[in-house]
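So the protein sequences, as listed, match chains F and A.
Per this note's numbering, the first sequence starts with residue 340, numbered consecutively.
Per this note's numbering, the second sequence starts with residue 340, numbered consecutively.
Let me begin by presenting the structure, written as structure tokens, before commenting on it.
Protein chains: 2
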Amino acid sequence: MCPRPDPIMKRRSGCPLNASVEMLGDRWSLLIIRDMMLRGSKSFNEFLHCYEGIATNILADRLKKLVGHGILETEPDPGDGRKLIYRLTEKGIDLAPVMTEMVLWAAAHEETENQALVMEMKKDRTKFLQRIRARWLHSRKK
Amino acid sequence: MCPRPDPIMKRRSGCPLNASVEMLGDRWSLLIIRDMMLRGSKSFNEFLHCYEGIATNILADRLKKLVGHGILETEPDPGDGRKLIYRLTEKGIDLAPVMTEMVLWAAAHEETENQALVMEMKKDRTKFLQRIRARWLHSRKK
DNA sequence: ATTATTCACTTGCATTTTGCAAGTCATATT
DNA sequence: AATATGACTTGCAAAATGCAAGTGAATAAT
Chain F
340 MCPRPDPIMK
350 RRSGCPLNAS
360 VEMLGDRWSL
370 LIIRDMMLRG
380 SKSFNEFLHC
390 YEGIATNILA
400 DRLKKLVGHG
410 ILETEPDPGD
420 GRKLIYRLTE
430 KGIDLAPVMT
440 EMVLWAAAHE
450 ETENQALVME
460 MKKDRTKFLQ
470 RIRARWLHSR
480 KK
Chain A
340 MCPRPDPIMK
350 RRSGCPLNAS
360 VEMLGDRWSL
370 LIIRDMMLRG
380 SKSFNEFLHC
390 YEGIATNILA
400 DRLKKLVGHG
410 ILETEPDPGD
420 GRKLIYRLTE
430 KGIDLAPVMT
440 EMVLWAAAHE
450 ETENQALVME
460 MKKDRTKFLQ
470 RIRARWLHSR
480 KK
């Protein structure tokens, strides 16, 4: 009885950076989260049409893992029985600072596009993060 | 003549987050950088004995890629001809804020160890980053 | 009411990456 | 001269990735 839902998920180490890397250290997870935060993507098809072009099987796998890690949660679309709505959890939206630092780092050291976004982040990091969180809060209240 | 050394390295997209993910989005790169920043590791053997246990071929590959991305640089050890000294470049040490946010995120949402480090980061993020950079500056002046 | 389309996935299969064990080879140490 | 160390390669099995082509339920069009 009462089988603990997540007894000891074994990690390579207890280091917090390692925990992050095991959840997010691949070529797609953070891009999915980016599309949710910045473009408001929330369905399989919207993720599928991200600029980088993820394959359907990989996307399905990553969504499953992100939900499993409590970074995303799902809800059936009330207006369309085929659709599933994906949303960032609190834990998920808390990745905004990570994403911001990664964007600013690359923008500072590589040739990248979307300078408008970078400028907005650089100008006032705190305000930018507040805006992302505010949009998220707004989107989740029915 | 004059073959441009890095003419157009093609990425999946020009998004700065994608650039970061393509350089750092795997299960080892950031752990190597962590060991350099926090433990002062600087040789192949030191990286090899990180707690998570990386294999020699993967380590060699990651070091090569990190050097290729300008995140690390090497220098032969003046005292021992077998040894190579790896050091973080300016671009590499600039990853400190990324690492910090990833650590704080995992510490906030997962069960992790090394609470001393986490506390130090949380207490005063700016001061923590300054200390890391100061140590790095000190280690690189001969 | 039937047909076509959309949506969120699976499945099969080839390619690539990862991981382990065992070399290799140039210094260093004894 | 013999042994050990440091930084890698190499071979090979297993896992992850990527592409194309399904599948099956729910909706939209005719």
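Here a beta-carbon is modelled for each residue, glycine too, at the ideal position from N, C-alpha and C.
Because the structure is a prediction, the values reported are computed rather than measured.
Does Leu434(F) have its Cβ less than 8 Å from a Cβ in chain A? yes
Starting from Asn453(F), find everything on chain A with Cβ-Cβ shorter than 8 Å and list it in chain order. Gly353, Cys354, Pro355
Contact set between Ala446(A) and chain F, taken where Cβ atoms lie within less than 9 Å: Pro355, Ala358
Just the Cα atoms here: how many angstroms apart are Leu423(A) and Glu391(A)? 22 Å
Does any residue of chain A bring its CB to less than 8 Å from the CB of Val457(F)? yes
Is the Cβ of Arg474(F) closer than 8 Å to any Cβ of chain A? no
List the residues of chain A that Arg373(F) touches, going by C-beta distances under 8 Å, in chain order. Cys354, Leu356
Report the rounded CA-to-CA distance for Leu369(A) versus Leu363(A), giving the unit in angstroms. Distance between the alpha carbons of Leu369(A) and Leu363(A) is about 6 Å.
Identify, in the order they occur along the chain, each residue of the same chain with its Cβ nearer than 8 Å to the Cβ of Glu361(A), setting aside the five sequence neighbours on each side. The residues Arg350, Arg351, in chain order, have a CB closer than 8 Å to that of Glu361(A) in the same chain once the five nearest residues on each side in sequence are set aside.
Under 8 Å by beta carbon: chain F residues contacting Val500(A): Nothing can be reported for residue 500(A): it is not among the residues displayed for chain A, which extend from 340 to 481.
Three-state secondary structure assigned by DSSP to Glu361(A): Annotated three-state conformation of Glu361(A) is helix, per DSSP.
One or two residues paired with Thr413(F) in a DSSP bridge: Note: Thr413(F) is bridge-paired with Tyr425(F) in the DSSP secondary-structure output.
Closest to Cys389(A) by C-alpha separation, out of Ile372(A), Glu440(A), Glu450(A), would be which residue? Ile372(A)
Check whether the Cβ atoms of Ser359(F) and Met441(A) lie closer than 8 Å to each other. yes
Just checking, does the segment 423-439 of chain A make contact with the segment 405-415 of chain A on the three C-beta pairs under 8 Å criterion? Cβ pair count under 8 Å is three or more, so yes.
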